[in-house]
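Numbering (the working numbering), first residue to last: 2 to 346. Here's the structure, in structure tokens; my notes come after.
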């Protein structure tokens, strides 16, 4: 997913918080759960509570939160996937799944009869046992939010009776709803950020070289993406790379350029709109668009789609793995309704 190229954690937007709150409200009200919380998985490997709902008196809910160690403000992560002390936590186990992947097919949720499994190590076993008795909790469950085989968060709930098949079906449906909200939010956020950069570019096309470098630097060092490139539309409908920026791995790029035999800023790093040899390139497809109308943007989860056919697929796949890239996007930019180039992130 595109947002997973981001390097920095950012606060949740109100529109996403509202969507996740609706999910936990439904889980608590429709299934009669004693409590339900929704978390998002951020790029620091932390699960942050973004919404919570309880079907108990407010004072009892507050006491539970205070004793359980759950921070529902979202200011700090409640769990970290890569820290050993959290490895037996039910939510972490559900999110990590098998070999670091969610149990998207084998087991899209985990259930336990012990509240402690959901709270460990935030609360001790005795405290968790006391809270479970006070609230009358019979079972707890953790359901990952999954988008295109990637985990983006989780739904965790506690109930007074064991979850039956119908309950689980509802929880999985709620999780899918939340996952869709998270995906739409990050896609919209990414596009809004990139559009600001594009508008800046369109307004300052006087000193091209400085502007183009400033744009890619802004995308990487201010918006927090792993890398960015800009190509401009030149004579002969050519799209040469004019500027690029990487976050902190220039040595990897130098190695990859040597392997490919192509430098990014060279006459070889060019694609052509009118040459069928380049027709499947993401940049060409974005600019040519449909029926002569450029796309607003095009995305792909393969770096090769952005580099083809200049770089062979095996090397592009290797580069994607080395650079930790999850997705790429090509965004055409315009001057007076005419395409003048492309921004890649």
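Glycine included, every Cβ here is placed at the ideal spot set by N, Cα and C.
Where residue 65 and residue 35 are concerned, what is the direct C-alpha to C-alpha distance, given to the nearest angstrom? 11 Å
So, at 6 Å on beta carbons, what are the nonlocal neighbours of residue 158 in its own chain, with the 5 sequence-adjacent residues on each side left out? 28, 34, 37 and 142
With distances taken Cα to Cα, identify the nearest neighbour of residue 319 among 59, 261, 278 and 336. 261
Classify residue 243 as helix, strand or coil using the three-state DSSP reduction. Correct three-state label for residue 243: strand.
Residue 70 - DSSP class collapsed to helix/strand/coil: coil
DSSP state of residue 175 mapped onto helix, strand, coil: helix
Our contact map puts residue 110 next to residue 169 with C-beta atoms below 8 Å; I'd like the distance itself, whole angstroms only. 6 Å
Entirely enclosed alpha helix (DSSP H) segments - the segment 299-344, minimum 4 residues: 305-308 and 314-324
What is the DSSP secondary structure of residue 49, counted as helix, strand or coil? strand
Residue 49 versus residue 90 - alpha carbon distance: In a straight line, the C-alpha of residue 49 is about 14 Å away from that of residue 90.
Assuming the contact rule is C-beta atoms closer than 8 Å, residue 118 and residue 140 should be a hit. Round their C-beta distance to whole Å, please. So it is not a contact: roughly 10 Å between Cβ atoms.
Would you mind giving the Cβ-Cβ distance between residue 240 and residue 271, rounded to the nearest angstrom? I have them listed as a contact below 8 Å. 7 Å
Over the uninterrupted alpha helix (DSSP H) stretch that includes residue 36, give me the two end residues. That residue, residue 36, is in no alpha helix (DSSP H); its beta strand (DSSP E) goes 36-42.
Specify the secondary structure class of residue 140 as computed by DSSP and reduced to three states. Strand, per DSSP.
State the CB to CB distance for the pair residue 40 and residue 155, rounded to an integer number of angstroms; the pair is presumed to be in contact (CB under 8 Å). 5 Å
Bounding residues of the alpha helix (DSSP H) (the contiguous stretch that carries residue 91): Taken as a continuous stretch (DSSP letters only), the alpha helix (DSSP H) holding residue 91 covers 91-97.
Per DSSP, residue 31 is paired with what? Its beta-bridge partners do not exist; DSSP assigns none.
Hey, how far is the Cα of residue 83 from the Cα of residue 122? Taking the straight line from one Cα to the other gives about 14 Å.
Residue 163 bridges to which residues according to DSSP? DSSP lists no partner for residue 163.
DSSP state of residue 111 mapped onto helix, strand, coil: Residue 111: strand per DSSP, three-state reduction.
Pop quiz: residue 247 and residue 254 are said to be a contact at Cβ under 8 Å. What is the actual Cβ separation, rounded to whole angstroms? 6 Å
By how many angstroms is the C-alpha of residue 324 removed from the C-alpha of residue 238? 30 Å
Once DSSP output is grouped into helix, strand and coil, what is the label at residue 158? strand
First and last residue of the uninterrupted alpha helix (DSSP H) at residue 288: It spans 283-289 - the alpha helix (DSSP H) in which residue 288 sits, taken as one unbroken run.
Does the beta-carbon distance from residue 311 to residue 263 come in below 7 Å? Cβ distance < 7 Å, so residue 311 and residue 263 count as in contact.
Do you know whose CA, among 315, 298 and 305, lies nearest residue 343's CA? 298
Starting from residue 87, trace the beta strand (DSSP E) both ways and give me its first and last residue. Element bounds for residue 87: n/a, residue is neither H nor E.
Give the straight-line distance between the Cα atoms of residue 128 and residue 136, rounded to the nearest whole angstrom. Cα-Cα distance, rounded: 12 Å.
Does the Cβ of residue 335 have 16 or more other Cβ atoms within 10 Å, making it buried, or fewer, making it exposed? A residue is called buried when at least 16 other Cβ atoms come within 10 angstroms of its Cβ; residue 335 does not meet this threshold and is exposed.
Output needed for residue 339: all residues of its chain with C-beta closer than 6 Å, excluding positions within five of it in sequence on either side, in chain order. Cβ neighbours of residue 339 beyond the five flanking positions: none.
Can you check whether the CB of residue 229 is closer than 7 Å to the CB of residue 212? No; because the gap between Cβ atoms is not below 7 Å, this pair is not in contact.
For residue 236: DSSP bridge partner residues: Bridge partners of residue 236: none, in fact.
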